[in-house]
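Under my numbering, the first residue of the sequence shown is numbered 2, with each subsequent residue one higher. Just so you know, even glycine gets a beta-carbon here, dropped at the ideal spot from N, CA and C. Just so it is clear, the structure is predicted and the values come from calculations on it, not from any experiment. Before any comments, here is the structure.
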Amino acid sequence: MRKYLCLLPLLLLSLTANAQGGTIAAFNLKQAETLKFGMLALGAWALVNILISSIKLTKSSRNKRFFFQMNIYWNIVNMIIAGGSLYYILSADAGARTLPQTVDFHFWNLRLLYLSIGLDLAFLMLAAYLKEKSLSSPKAEQYLGYGQSITLQAMFLLVLDVTLVVLLEGPGQELLQLVQG
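Here is the structure:
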């Protein structure tokens, strides 16, 4: 019996590591669900925009034609981003990541989202520039339509990106406790 008592600290250590591993897996699964929600929302937005804009494009003229045209172009890119991201999220085993992998993946996603927020703001400035340029250009209808479309798309992406950052930053405190613990 005495010879097995020396294994007790090892057993307690393995139980602690196993509990931490379960917490890491739960964190990873929650993060994967958040990212999946975001990419499903982006994909649904893109699909609805492509369908509606395709129908409206055939019946519109002037700046509305360019508005719907840009919506289609923009949302083809959104579909590619959403599809690729969903493929990665659904094919990767989120529960199998180690603590260092979890930390890297979490902060990589946050950096990517903050970069995306910066791009969203740049797109809003581009849209304002196009609207202003439409006031004195021979391509006024095109610039106005593209500017209106980019404004709509950038506003949606800004709301989506900020929402994802908020949803990922909250549980980030759990991750910090795991790293410190």
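Counting C-beta pairs with one atom in each stretch, the region 91 to 105 and the region 57 to 77 have fewer than three that are closer than 8 Å, which means they do not touch. Where residue 111 is concerned, the enclosing alpha helix (DSSP H) starts and stops at 100 to 134. Taking C-beta separations shorter than 6 Å and ignoring five residues to either side along the sequence, the partners of residue 43 in its chain run 79 and 83, following chain order. The continuous stretches of alpha helix (DSSP H) do not include residue 93, and DSSP gives it neither H nor E. Residue 181 has its alpha-carbon roughly 43 Å from the corresponding atom of residue 48. Exclusion of the five residues before and after residue 161 leaves 39, 42 and 43 as the residues of its chain whose Cβ lies within less than 7 Å of its Cβ. Shown here for residue 155: same chain residues with a beta carbon closer than 7 Å to its own, the five before and five after excluded, namely 121, 124, 125 and 128 in chain order. Just measuring C-alpha positions, the residue of 153, 132, 103 and 52 sitting nearest residue 178 is 103. Sixteen is the threshold: when 16 or more other Cβ atoms of the shown chains lie within 10 Å of the Cβ of residue 35, as they do, the residue is buried. Taking every protein chain shown into account, the CB of residue 75 has 16 or more other CB atoms within 10 angstroms, so this residue is buried.
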